[in-house]
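Novice: Handing you this structure, nothing more for now.
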Amino acid sequence: MKKWMLVLVALFVSVSAFSQSCLDDVWQCLRSKQVPKAKKFMESCMASNPDNAAVWLMQANVNVQLYNYDLERMEKDPSVTPRYPNALEDAYAAFVKAVELDKNVEPKTGMLGAKEGQQLLAGPFEEKAKAAAAKGKMEEALKYYGLAARCYELAQKKENAAAMYLQTAIVYNQMNDKENYEKMLEKSIASSPNLSEAAYVELYYLHKDKNDTAKCGEILTKAVKIFGEKNPAGLYEPMMDYYSMTNDEENLLATVDKAIATGDAMMTPICATYLTNAKQYAKAEQILTNALAANPKDFTLLSKMGYRYAMEYYDIMDRRQTAMNTRQWEEATRLFQSEERKTAMEKAHEWCQKAYEVNPDDLANNRILREMKVQLNIEVPQELNDKINARMQK
Numbered sequence: 005m006k007k008w009m010l011v012l013v014a015l016f017v018s019v020s021a022f023s024q025s026c027l028d029d030v031w032q033c034l035r036s037k038q039v040p041k042a043k044k045f046m047e048s049c050m051a052s053n054p055d056n057a058a059v060w061l062m063q064a065n066v067n068v069q070l071y072n073y074d075l076e077r078m079e080k081d082p083s084v085t086p087r088y089p090n091a092l093e094d095a096y097a098a099f100v101k102a103v104e105l106d107k108n109v110e111p112k113t114g115m116l117g118a119k120e121g122q123q124l125l126a127g128p129f130e131e132k133a134k135a136a137a138a139k140g141k142m143e144e145a146l147k148y149y150g151l152a153a154r155c156y157e158l159a160q161k162k163e164n165a166a167a168m169y170l171q172t173a174i175v176y177n178q179m180n181d182k183e184n185y186e187k188m189l190e191k192s193i194a195s196s197p198n199l200s201e202a203a204y205v206e207l208y209y210l211h212k213d214k215n216d217t218a219k220c221g222e223i224l225t226k227a228v229k230i231f232g233e234k235n236p237a238g239l240y241e242p243m244m245d246y247y248s249m250t251n252d253e254e255n256l257l258a259t260v261d262k263a264i265a266t267g268d269a270m271m272t273p274i275c276a277t278y279l280t281n282a283k284q285y286a287k288a289e290q291i292l293t294n295a296l297a298a299n300p301k302d303f304t305l306l307s308k309m310g311y312r313y314a315m316e317y318y319d320i321m322d323r324r325q326t327a328m329n330t331r332q333w334e335e336a337t338r339l340f341q342s343e344e345r346k347t348a349m350e351k352a353h354e355w356c357q358k359a360y361e362v363n364p365d366d367l368a369n370n371r372i373l374r375e376m377k378v379q380l381n382i383e384v385p386q387e388l389n390d391k392i393n394a395r396m397q398k
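Counting from 5, one number per residue, gives the positions in the sequence shown under the numbering used here.
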């Protein structure tokens, strides 16, 4: 028994001595910038010591150097292709394996430790993710954003990790994967609640699609609490949407005033739309009139004014239908013959016509314009019919 123990000890010592000698050769090559040569030595080390944490750690360092080696080559000649395209992924896997084998494994002088190495890989993974997304390689982008997020988390850079989850969410949205889109938005917020109001806004609209008004309110409340003073403008639109949805007229009007006060011209048509949908016709007309004074040929403003009057017309007709359904014949007749109905039709036609003259190819505006012409017994130009039919067939 003692003889076998001596043999095993001798064998362990010889293997350890071999691995240390092998790693010394790799280390010397890396220190002298002989990276391809280091890779060859590393293959020998790995073959003889597949379960040695120090070997895996050195393997990771070699792969990091191979990645840098390729970068230097491509900086000198952008036409060359990388010799080691998977070096980063292999480095990450080797760092992870080293820690699995021995969480206390230490690197040789001048080499990266397992934790430090993974942290340094975050930036390159992020760059590779962005490049893949720009080329439309969505699965590849997801892989690299995921790796970058894990590396940032290890470095305890929560905002960076949250940014990666947000980018991952954007990719899932582009792939129309709503389930994972929602999960990544939630993960981004959990990692860093104050990173961006955009994650809250997107999550708000996802829950709106589910008709979950309570959840919408909860999300918006959190966002306002965090960003209400720092960057409120980014939340004005979902706030108006929520107040319209919950028939909160007081807060809707207050939010519109704040949005208009920013001086952002893009907010005017947005505010006008929410006001119109909430039947705040006078307020919608006021802000559109003010904006049109400075930009009288702006198609969006012109069409929104047409929309404002068209919606008032539809509102009157809905009330008339309700009166008819409840056999209130006199009220139904009064609404149909009312001056407000006539004015709404004429104004809707007037403004949609002005918008049409600026941009004759907008389907929504063209459909309202045609309907008002029909209601007012005005001949519908064939050109208008053709444009509507052509757009509807696309």
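All C-beta atoms, glycine included, are put in the ideal place defined by N, C-alpha and C.
Quick caveat, the model's predicted, so the values are computed rather than measured.
Do you know offhand how far Ala227's Cα is from Ser48's?
Specialist: 56 Å
Novice: Among the candidates Asn56, Leu189, Ala359, whose CA atom is the shortest distance from the CA of Gln171?
Specialist: Leu189
Novice: Whole angstroms is fine: what's the gap from Cys220's alpha carbon to Lys287's?
Specialist: 26 Å
Novice: So, with DSSP's three-state summary, where would you put Arg77?
Specialist: helix
Novice: Compute the beta-carbon to beta-carbon distance between Phe303 and Asn255, rounded to the nearest angstrom, for a pair I have assumed lies under 8 Å.
Specialist: Going by Cβ atoms, the distance from Phe303 to Asn255 rounds to 30 Å, so no, they are not a contact pair.
Novice: Cys356 to Lys391, Cα distance in whole Å?
Specialist: Approximately 15 Å, taken between the alpha carbons.
Novice: What span of residues does the alpha helix (DSSP H) with Met46 cover, start to end?
Specialist: 39 to 52
Novice: Mind reading off the beta-carbon distance from Tyr247 to Lys262? Whole number of angstroms is fine, and I expect it under 8 Å.
Specialist: Contact doesn't hold; Cβ gap of about 12 Å is too wide.
Novice: Assuming Asn389 is part of the alpha helix (DSSP H), what are its boundary residues?
Specialist: 386 to 396
Novice: Leu224 lies in the alpha helix (DSSP H); which residues open and close that run?
Specialist: 217 to 231
Novice: Drop a sphere of 10 angstroms on the beta-carbon of Cys217, count the other beta-carbons inside from all chains shown, and report buried for 16 or more, exposed for fewer.
Specialist: Checking the displayed sequence, the identity of residue 217 turns out to be Thr instead of Cys. Exposed.
Novice: Give every residue of the same chain whose Cβ lies closer than 6 Å to the Cβ of Ala394, excluding the five residues on either side of it in the sequence, and list them in chain order.
Specialist: none
Novice: Under 6 Å Cβ to Cβ from Pro111, same chain only, skipping five residues before and after it: list those, please.
Specialist: Leu61, Gly117.
Novice: Quick check on Ala269: does DSSP put it in helix, strand or coil?
Specialist: Coil.
Novice: Please report how far the alpha carbon of Glu163 lies from the alpha carbon of Tyr149, in whole angstroms.
Specialist: 14 Å
Novice: Mind the definition here: the region 314 to 330 touches the region 341 to 352 only if three or more C-beta pairs lie below 8 Å; say whether that holds.
Specialist: yes
Novice: Restricting to Cα atoms, I'd like to know which of Met243, Met249, Glu206, Ala269 is closest to Ala258.
Specialist: Met243
Novice: Would you identify the three-state DSSP class for Gly106, choosing helix, strand or coil?
Specialist: The question names Gly, but residue 106 in the sequence shown is Asp. The answer is coil: DSSP assigns Asp106 none of H, G, I, E or B.
Novice: Run through DSSP, which three-state label would Asp319 get?
Specialist: helix
Novice: Between which residues of its own chain and Ile291 is the CB-CB distance below 8 Å, once the five residues before and five after are set aside?
Specialist: A distance below 8 Å between beta-carbons, with the five flanking residues on each side excluded, links Ile291 to the following residues of its chain, in chain order: Val260, Ile264, Thr272, Cys275, Ala276, Leu279.
Novice: Which two residues bound the contiguous alpha helix (DSSP H) that contains Ile193?
Specialist: Run containing Ile193: 182 to 195, per the alpha helix (DSSP H) assignment.
Novice: Would you call the CB atoms of Arg77 and Val66 closer than 8 Å?
Specialist: no
Novice: Determine the DSSP secondary structure at Asn90, reduced to helix, strand or coil.
Specialist: Note: Asn90 maps to coil in three-state DSSP.
Novice: Please report the straight-line C-alpha distance between Lys44 and Leu207, rounded to a whole angstrom.
Specialist: Taking the straight line from one Cα to the other gives about 50 Å.
Novice: With the cut-off set at 8 Å, would you say Asp74 and Ala91 are in Cβ contact?
Specialist: yes
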